[in-house]
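Engineer: First residue of the sequence shown: 41, per this note's numbering; consecutive thereafter.
Beta carbons are placed, not taken as given, at the ideal position from N, Cα and C, and that holds for glycine.
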Amino acid sequence: MLPSFVTLSVYLHAEFNFKESCVAQRLQVQYLQCVLAGLIALLIYCLVSDAMYTGLLELILLLVFLRAREATRLSAVVESFVVNNTGVTASINGQHCALSAYGLDYFSRYLALVRLTTEAGRTYRCFITPVLFGPIKFRQLLAIMKASTT
41 MLPSFVTLSV
51 YLHAEFNFKE
61 SCVAQRLQVQ
71 YLQCVLAGLI
81 ALLIYCLVSD
91 AMYTGLLELI
101 LLLVFLRARE
111 ATRLSAVVES
121 FVVNNTGVTA
131 SINGQHCALS
141 AYGLDYFSRY
151 LALVRLTTEA
161 GRTYRCFITP
171 VLFGPIKFRQ
181 LLAIMKASTT
């Protein structure tokens, strides 16, 4: 046990580069969207016996699917994320931005949705998967995001 007058200085530096995998990340998210929409469509088809309701629900599902796909396609590209003792920065669409807050909106073993808020007040979200990012860096990113108090 350390005496109370001793302070520890921990140097924190973590850098995450998404530049090489951003296209592959989007393709994987689109694939997951297609699988989920297909499973829901199959469930609707199997559970609803009336053809009119089935068609209406399938049409609503198609519209929601297309809206989500368009939102994913038009979203900003987060190219890198750097955490230091001095602050947190990110490169978004080729511009370096200082962040006022960051955190996880959703995470599991296979997917994480990261929320980044710049000092200007804009919020960006990006999907990260361990397959394209690497399992060690993925766990490190999750640990930093969970420990963030910003």
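Taking all protein chains shown into account, do 16 or more other C-beta atoms lie within 10 angstroms of the C-beta of Ala-152, making it buried, or fewer, making it exposed?
Structural biologist: Here Ala-152 is buried: its Cβ has 16 or more other Cβ atoms, across all protein chains shown, within 10 Å.
Engineer: Spell out the partners DSSP gives Cys-137 in its beta bridges.
Structural biologist: Cys-137 pairs with Ala-130.
Engineer: Express the C-alpha separation of Asp-90 and Asn-57 in angstroms, rounding to a whole number.
Structural biologist: Taking the straight line from one Cα to the other gives about 50 Å.
Engineer: Identify whether Ala-116 lies in helix, strand or coil by the three-state DSSP scheme.
Structural biologist: coil
Engineer: From Leu-156 to Ala-138, what distance separates their C-alpha atoms?
Structural biologist: 10 Å
Engineer: Going by C-alpha distance, which of Ala-160, Ile-100, Ser-131 and Ala-111 is nearest Ala-77?
Structural biologist: Of the candidates Ala-160, Ile-100, Ser-131 and Ala-111, the one whose C-alpha sits nearest the C-alpha of Ala-77 is Ile-100.
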